[in-house]
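In my numbering, each residue carries its 1-based index in the sequence shown increased by 1. Even for Gly, the Cβ is constructed at its ideal location relative to N, Cα and C.
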Amino acid sequence: MTTTPVTNSINTVFSANSDIENETLIDAKRFMNEHYGNKYSHIPPHISYTIMPLPEYNFERAKDDLIAYVIKQKPYLLKLSDLKFDNRDNLFYIEVSGKDMQRLHEDITILLNKHREGFIREKDLERISKGYFNDNELEYLRQYGYSRVFECFRPHISIGNFTVENVDVPELTKILKEKLTGVLNKSLVLNNIRALFHTDAGSQQEAEVFWESNYLLS
């Protein structure tokens, strides 16, 4: 892909997720918070379909389009893989897969992108200046306002990252795998989609939520 400069940033976003109520996952996230400074501890287990930069004046139209789409969806099966580690963000996560999840990601991304008007998140503009993205991610960022879409979509459940020093990653991986034995390489059913329009703060805990709604799939 050919990269194109991106300069128009905004700090309001539309996001769509499915929450996962699972005590094993919650316990593992709590462990990372208590012992390793996990900055994602306040976020319940979930998978994210997309994060779309969106100007406030387009919110109502985007919301109406998303609701009309979501209410037609059905519960689906999600496959969980083994525990993975990303050394770019010191993040432990579980990869997930499923054809319905991929379809939801692509459909919602295309649907919301119609209302984006070329904006990207302010944090991503800063990341561009630091060389954070590869060429493929950068081009998707230009086209869809988010780098992890389509072939760069890496659906996962975040378990947590560490912000302390001198972490023995292999040992911590072993501990987390033991804690997550009941969910690794298993399947579960997702029956909800949660949509939010909010500020894109430094952390989700600091974000100001303007609108939020949860839809049960049936």
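Asked, Found
"Count the CB pairs spanning the stretch 149–165 and the stretch 29–41 that are closer than 8 angstroms, and state whether there are at least three.", "yes"
"Provide the residue span of the alpha helix (DSSP H) that contains I111, from first to last.", "K100 to N114"
"Going by DSSP, what residue range makes up the beta strand (DSSP E) through F169?", "Note that residue 169 is Asp in the sequence shown here, rather than Phe. Run containing D169: none; DSSP gives neither H nor E here."
"Can V71 and P156 be called in contact, C-beta distance under 8 angstroms?", "no"
"When you compare the CB positions of I158 and P76, do they come within less than 8 angstroms of one another, or not?", "no"
"Rounded to the nearest angstrom, what separates I68 and L126 at their Cα positions?", "29 angstroms"
"So the alpha helix (DSSP H) N192 belongs to, where does it begin and stop?", "Taken as a continuous stretch (DSSP letters only), N192 belongs to no alpha helix (DSSP H), as it is neither H nor E."
"Straight-line CA distance for Y216 to I11?", "27 angstroms"
"So S82 packs on S49, CB below 8 angstroms; how close in whole Å?", "In fact, because the Cβ distance is near 17 angstroms, the residues do not count as touching under 8 angstroms."
"Note the first and the last residue of the continuous beta strand (DSSP E) segment covering F15.", "T13 to D20"
"Go ahead and pull the three-state DSSP assignment for Y94.", "strand"
"What are the boundary residues of the alpha helix (DSSP H) that includes T25?", "E24 to Y37"
"Identify whether V150 lies in helix, strand or coil by the three-state DSSP scheme.", "coil"
"Quick check: the Cα distance between Y141 and F154, rounded to an integer number of angstroms?", "10 angstroms"
"Where does K131 land, buried or exposed, given buried means 16+ other C-beta within 10 angstroms?", "exposed"
"Report yes if the CB atom of I121 is closer than 8 angstroms to the CB atom of N18, and no otherwise.", "no"
"Does the beta-carbon of D65 have 16 or more other beta-carbons within 10 angstroms, so that it is buried, or is it exposed?", "exposed"
"With 16 as the cutoff for other CB atoms within 10 Å, does L84 come out buried or exposed?", "buried"
"Measure the CB-CB distance between L55 and R149 and report whether it falls below 8 angstroms.", "no"
"When we look at the beta-carbon of T182 and count the other beta-carbons within 10 Å, is it buried (16 or more) or exposed?", "exposed"
"At the level of alpha carbons, what is the spacing between F151 and F32?", "32 angstroms"
"Does the Cβ of K30 have 16 or more other Cβ atoms within 10 Å, making it buried, or fewer, making it exposed?", "buried"
"In terms of residues, what are the limits of the alpha helix (DSSP H) holding K124?", "E123 to S130"
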